[in-house]
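Structure record follows, encoded as structure tokens.
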Amino acid sequence: AKSEWLRARSAPSIGARSGLNKIGVDRENNRINGFIVAQLGAFKSQGRGEFNQQALETIVQMGNQSAAGLKSHLAHATLSGDGIGTFLGRASNYRLDNVSVTKDNVNTTLLAVRADLQLDETAMKPTPKMHSAPGKYVMDLTESDPEALGASLVLKIEEKYRQEPDGTLSKDADGETLPPLWFPTSLHGIDIVSVGDSTDAMLDATGLRDS
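Everything in the sequence shown is counted per the numbering used here, starting at 13 for the first residue and increasing by one.
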């Protein structure tokens, strides 16, 4: 298995879906409900990898095994910094849902994993590393410039390339080798970053219209 980061782009937050599984920014409770954790299909980076339904179901199962929820930071930790001072909160209530995306001017509905990010009380105050409150910053930016941030899984995976009956690697219509399927073996966190690879939106505004 190898460690990987997956980055996700954001989309507008418009209100909140009613009921148990809400979607949207909830400022009263300092929550971002229903953000998209992972999405069915190939990642944006050509040839890097792809999630199938089995992988998404595994993410839901692993995510819900964490009683407290998976940790979330503002940006990934680096070799020179472990993320101290950037803690946002914990993500929980993982579930499968549909998201609406537009590719090549065509609207498509895809299977995806959603979760809820509960911002910690400490994230609502300036931290030693940031002059502003990171939690408030994330909520503000989600609403003011939703393309400027997104969700990013931190996980370990096993890769599997698809093969033809003769043992050769499967290729697409252009003759390129299909990207490997990623099967998560462990989840370590879900960070908020600037650009994503595994999703098309952080909050699916289109999905709110039928609420």
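By construction, the Cβ of each residue, glycine as well, lies at the ideal position given by its N, Cα and C atoms.
Please report how far the alpha carbon of A67 lies from the alpha carbon of G75, in whole angstroms. Numbered from its first residue, the sequence shown carries residue 67 at position 55. Numbered from its first residue, the sequence shown carries residue 75 at position 63. Rounded to whole angstroms, A67 to G75 spans 12 Å at the Cα level.
Tell me which same chain residues have a C-beta within less than 8 Å of the C-beta of K137, skipping the five on either side of it? Here residue 137 refers to the residue found at position 125 of the sequence shown. Excluding positions up to five away in sequence, the list reads A145.
Could you tell me the boundaries of the alpha helix (DSSP H) in which A67 lies? Position 55 of the sequence shown holds residue 67. That run of the alpha helix (DSSP H) goes Q65 to N76.
Backbone CA spacing between L190 and A89 [nearest angstrom]: Here residue 190 is taken as the residue at index 178 of the sequence shown, counted from 1. Here residue 89 is taken as the residue at index 77 of the sequence shown, counted from 1. Rounded to whole angstroms, the gap between the alpha carbons of L190 and A89 is 30 Å.
Ranges of the beta strand (DSSP E) found wholly within the stretch 109 to 155, counting only runs of at least 3: List check, beta strand (DSSP E) in window: 118 to 131.
Beta-carbon proximity of I48 to A213, cut-off 8 Å: As a working mapping, residue 48 is identified with position 36 in the sequence shown. As a working mapping, residue 213 is identified with position 201 in the sequence shown. Yes, these two residues count as a Cβ contact at 8 Å.
What's the C-alpha gap between H85 and G53? Position 73 of the sequence shown, counting from 1, holds the residue named residue 85. Position 41 of the sequence shown, counting from 1, holds the residue named residue 53. Annotation: H85 to G53 spans about 25 Å, alpha carbon to alpha carbon.
Whole angstroms is fine: what's the gap from V166's alpha carbon to K83's? As a position in the sequence shown, residue 166 is number 154, starting the count at 1. As a position in the sequence shown, residue 83 is number 71, starting the count at 1. Those two C-alpha atoms are separated by around 10 Å.
Terminal residues of the beta strand (DSSP E) in which D203 lies: Start at 1 with the first residue of the sequence shown, and residue 203 comes out as number 191. L193 to V205 is the span of the beta strand (DSSP E), which, as asked, contains D203.
Quick check: what's the CA-CA separation for A80 versus L108? For the purposes of this step, residue 80 is taken as residue 68 along the sequence shown, with counting starting at 1. For the purposes of this step, residue 108 is taken as residue 96 along the sequence shown, with counting starting at 1. Roughly 19 Å between the two C-alpha positions.
Within 10 Å of its beta-carbon, does Q51 have 16 or more other beta-carbons around it, so buried, or fewer, so exposed? Numbered from 1 along the sequence shown, position 39 holds the residue referred to as residue 51. So Q51 counts as buried.
Can the beta-carbon of S164 be found closer than 8 Å to that of D128? In the sequence shown, the residue the question calls residue 164 occupies position 152. In the sequence shown, the residue the question calls residue 128 occupies position 116. No. Outside cutoff.
Same chain, Cβ closer than 8 Å to K183, five either side skipped, listed in chain order: The sequence position of residue 183 within the sequence shown is 171, counting from 1. Here the set comprises T189 and L190.
Return helix, strand or coil for A103, following the three-state DSSP convention. Walking along the sequence shown from the start, residue 103 turns up at place 91. A103: strand per DSSP, three-state reduction.
Closest to G101 by C-alpha separation, out of Q77, F195 and T134, would be which residue? Residue numbering aside, residue 101 sits at position 89 when the sequence shown is read from its first letter. Considering only alpha carbons, the answer is T134.
Using a threshold of 8 Å, state whether the C-beta atoms of L215 and T154 are closer than that. Here residue 215 is taken as the residue at index 203 of the sequence shown, counted from 1. Here residue 154 is taken as the residue at index 142 of the sequence shown, counted from 1. Yes.
With D38 as the anchor, note down where its beta strand (DSSP E) starts and where it stops. On the sequence shown, position 26 is the one that residue 38 refers to. Residues G36 to D38.
Excluding the five sequence neighbours on either side, which residues of its own chain have a C-beta within less than 8 Å of the C-beta of R39, listed in chain order? Numbered from its first residue, the sequence shown carries residue 39 at position 27. The residues are M151.
N- and C-terminal bounds of the beta strand (DSSP E) containing N45: Within the sequence shown, residue 45 is the residue found at index 33, counting from 1. In this chain, the beta strand (DSSP E) harbouring N45 covers R43 to Q51.
Can you check which of these residues, T211, A160, R126 and L199, is closest to G36 by C-alpha distance? Sequence index remark: in the sequence shown, residue 36 carries index 24 (1-based). The residue with the shortest Cα to Cα distance from G36 is R126.
For P140, count the other beta carbons within 10 Å of its own beta carbon; 16 or more makes it buried, fewer makes it exposed. Which is it? Within the sequence shown, residue 140 is the residue found at index 128, counting from 1. Classification of P140: exposed, given that the 10 Å Cβ count is below 16.
Would P196 be called buried (16 or more neighbouring beta carbons within 10 Å of its own) or exposed? As a position in the sequence shown, residue 196 is number 184, starting the count at 1. Flag for P196 reads buried.
Excluding the 5 residues flanking N110 on each side, which residues of the same chain have their C-beta closer than 8 Å to its C-beta? Taking the first residue of the sequence shown as position 1, residue 110 is located at position 98. Contacts found: T121, L122, L123, A124 and G219.
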